[in-house]
Amino acid sequence: MNGRGVHALGWLAGMGVAIGLAFVLGSYHTDVYRKMLIWVAMALGFNFLFGVAGQIAFSHFAFASVGAYGVVILSHQLGLPFGLAFVLAIVICGLTAFIVAIPATRLEGFYLALATLAFSQLVRVTIDEGGALTGGTGGLANYRLPPFFGVDVRGPWYTVCLVLLVAFTLWILTRVDASWFGRACRAVRDNPRAAEAMGVDIARARILVFVMTSTLAGLAGIGYAYVDNVINPAVFSLENSFLLLFMIIIGGSGRHVGAMLGAVVLYLAPFALEPVAGNHYMLVFGVLIVLAILFRPDGLAGLLRITRPGKAA
Amino acid sequence: MSAPLLQVRGLTRRFGGLVAVSDLDVDLGRGEILALIGPNGAGKTTTFNLIAGVDRPTSGTIVFDGRDISRQPAHARAALGLTRTFQHNMPFAGMSLTDNILVGRHARFTGGLVDVILGARRLREQESAARRKADELIEFTGLGARVDADVSTLSFGEGRLLEVARALVSDPRAILLDEPAAGLTGAEVARLARIIADIAARGIAVLLIDHDMRFVLPLAHRAIVLKFGEKIADGPPRDIVNDPAVIAAYLGNSAGAAHA
Ligand SMILES: Nc1ncnc2c1ncn2[C@@H]1O[C@H](COP(=O)(O)OP(=O)(O)O)[C@@H](O)[C@H]1O
Ligand SMILES: [Mg+2]
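First to last, the protein sequences are chains A and B.
So in our numbering the end of the first sequence lands on 316, straight run, no missing numbers.
So in our numbering the end of the second sequence lands on 264, straight run, no missing numbers.
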């Protein structure tokens with residue numbers, strides 16, 4: 004069988020398992036599974052931003068909250084039709100990301116991290132102080148996903164939506180990664196001066212990546228909004244941004260498989276570690292990070308050896 | 005007679021009180037190998053940076069293919085077909101050798117991110133054309149045995165060839181080489197000289213910057229000699245080596261002229 008066939012089969016098998024799970028899990032495990040899917044979607048986007056394009060940004064959860072709050076406020080607080088609220092929420096994410104990206108992506112490394120941290124705080128304060136519109140620190144609840152074109156998406160079918168969210172994210176990022184644009188992103192990450200000499204408009208590439216991945220984060224945020232039908236500022240906290248970074252580093256920075264593995268392992272780890280290590284599982288993560296950086300810079304994905312080092316995964 | 009591909013007029017770059025490049029004129033024609041030489045501190049690197057677009061002139065113009073590019077950013081100049089190599093190899097360390105070369109093709113892809121996501125047919129064609137070209141250049145530079153190697157394990161000479169391949173993959177009209185022979189072994193220098201001659205034979209204009217006259221002069225069709233930012237000679241290599249002003253410039257600086 005040719006590479007294309009294997010590739011298509013891999014996708015089919017993955018989708019089959021992921022969708023099948025939606026129908027066999029009980030309610031507790033469904034909740035765990037859905038949140039895991041959100042983490043995987045978030046990790047995929049952040050991996051592209053951080054691992055592929057080399058931008059150390061801490062705004063990923065801020066954009067997820069823009070998406071989540073955007074859709075809930077527009078559809079349930081302001082009463083817009085869901086489809087419109089959905090599209091508007093995504094547009095708002097993209098526009099916000101664009102406005103943040105223009106100054107922020109001019110900054111390198113540490114300064115980009117600081118600027119995106121500041122933006123995250125700004126979003127957080129806005130939500131906290133948003134009164135009845137955002138629900139303040141208590142967040143928003145008592146809303147439900149309205150029927151969409153007459154279809155009431157409930158139970159396992161909502162989980163299927165989240166599987167599609169992950170698939171859509173992975174599909175887009177894989178395409179972009181394998182293209183001239185993905186190469187440009189990696190080139191800018193590895194050597195901006197040389198990338199520019201090759202004709203890459205560095206500022207443009209950085210802004211595009213930031214907007215694309217932040218919008219995908221917003222989409223994941225929308226998906227999250229209907230998992231518990233509760234959103235509050237704590238979910239989008241900085242702690243989660245750091246966890247996301249750990250997922251990428253442990254999974255294997257710059258590779259989609261790595262991002263997915265890291266997200267699954269680190270999301271599920273507390274469930275396994277909590278009975279043993281109690282609340283100290285973050286400490287275990289910390290040790291894992293140090294070990295990963297020291298001994299396996301290519302992370303869990305490096306253990307798989309699916310592709311050559313240096314080749315786009 | 006048609007205008008030369010690259011026309012530099014009155015190029016001047018001051019650093020405070022120091023005039024690094026002074027009122028310099030350079031013409032470079034298609035398929036021509038032009039050497040820009042001169043002792044250390046003569047202003048070669050500054051000239052190179054001004055033409056490549058990583059530095060801005062204090063005054064003067066740079067016209068490429070009839071277009072004034074003096075104010076264009078470096079990436080725009082590359083996109084117009086004026087590419088370069090770096091004196092100190094600058095590979096993309098996290099990418100495969102082929103991908104390193106393919107980055108050089110960046111400007112030849114048309115359309116935006118939406119076309120990429122939708123998988124436009126034109127993009128697939130551009131991608132396969134790019135890969136064919138990259139394979140051809142891997143062959144041309146003799147890097148074939150190293151395609152699967154991690155680029156950080158390339159020797160200095162192989163890294164230099166990668167630089168050359170990366171600068172050629174976009175089918176540029178002119179290529180700027182910054183001391184390409186520096187740090188290479190004798191055999192590598194000979195191979196590089198053949199490659200540069202082949203590049204020019206394809207109709208690509210080559211601007212070669214070096215202080216090693218012995219590498220550059222046998223290869224060049226024409227040479228410009230700089231001293232303290234000023235042009236002191238411009239002509240065929242045969243005339244240059246006998247020019248008293250050039251001999252004087254290099255006198256007492258023979259070490260500078262000899263070491264690579
Ligand atoms: N960025 C800079 N700031 C100040 N002076 C510079 C700078 N770049 C080059 N120069 C000076 O300009 C002169 C020409 O330098 P350069 O172009 O590097 O010469 P070459 O490459 O021929 O050895 C030197 O005197 C050098 O010290
Ligand atoms: Mg120099």
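Don't be surprised by glycine CBs; every beta carbon is placed ideally from N, CA and C.
Please read all numbers here as calculations on a predicted model, not as lab measurements.
DSSP places ASP31 of chain B in the uninterrupted beta strand (DSSP E) bounded by 22-32. Cβ-Cβ separation between LEU54 of chain B and ARG18 of chain B: approximately 12 Å, too far for a contact (criterion under 8 Å).
Neighbours of ALA97 of chain B across chain A, judged by C-beta separation under 7 Å: ASP193. Taking the C-beta atoms as reference points, ALA228 of chain A is found nearer than 8 Å to ALA71 of chain A. Closest option to VAL23 of chain B, judged by alpha-carbon separation, among B:GLU36, B:PRO61, B:LEU10 and B:PHE52: B:PRO61. For PHE113 of chain B, at least one C-beta of chain A is nearer than 8 Å to its own C-beta. The beta carbon of LEU211 of chain B does not come within 8 Å of any beta carbon belonging to chain A, so the residue lies off that interface. Less than 8 Å separates the beta-carbon of HIS225 of chain B from that of LEU38 of chain B. Proximity of SER174 of chain B to chain A, defined by a Cβ-Cβ separation below 8 Å, is satisfied. Under the Cβ criterion (8 Å, minimum of three pairs), the stretch 179-188 of chain A counts as touching the stretch 110-117 of chain B. A straight line joining the alpha-carbon of TYR31 of chain A with that of GLU167 of chain B spans about 56 Å. By the 16-neighbour rule on beta-carbons within 10 angstroms, ILE210 of chain A is buried. The residues GLY85, LEU86, THR87 and ILE208, in chain order, have a CB closer than 7 Å to that of PRO176 of chain B in the same chain once the five nearest residues on each side in sequence are set aside. For LYS48 of chain B, the distance from the CB to the nearest heavy atom of ligand 2 is below 7 Å. Checking the 7 Å criterion, the Cβ of ALA121 of chain A is out of range of every heavy atom belonging to ligand 1.
For ALA187 of chain A, the chain B residues whose Cβ falls inside 8 Å of its Cβ are VAL107 and HIS110, in order along the chain. In this structure, VAL128 of chain A keeps its C-beta atom at 8 Å or more from the C-beta atom of ALA65 of chain A.
For GLY54 of chain A, the secondary structure class from DSSP, reduced to helix, strand or coil, is helix. In this structure, PHE219 of chain B has its beta carbon at no less than 7 Å from each heavy atom of ligand 1. Restricting attention to A:VAL90, A:PHE213, A:VAL287 and A:ARG196, the CA atom closest to the CA of ASP59 of chain B is found in A:ARG196. With a cut-off of 7 Å, the C-beta of GLY57 of chain B is classified as distant from ligand 1, since no heavy atom of the ligand falls inside that distance. The beta carbon of VAL260 of chain A does not come within 8 Å of any beta carbon belonging to chain B, so the residue lies off that interface. By a beta-carbon distance limit of 8 Å, GLY289 of chain A does not contact GLY255 of chain A. Their separation comes to about 18 Å.
Leaving aside the five residues that flank ALA88 of chain A on each side, the residues in its chain whose CB is nearer than 6 Å to its CB run, in chain order, VAL74, LEU77 and SER78. A direct Cα-Cα distance of roughly 33 Å separates GLY139 of chain A from LEU276 of chain A.
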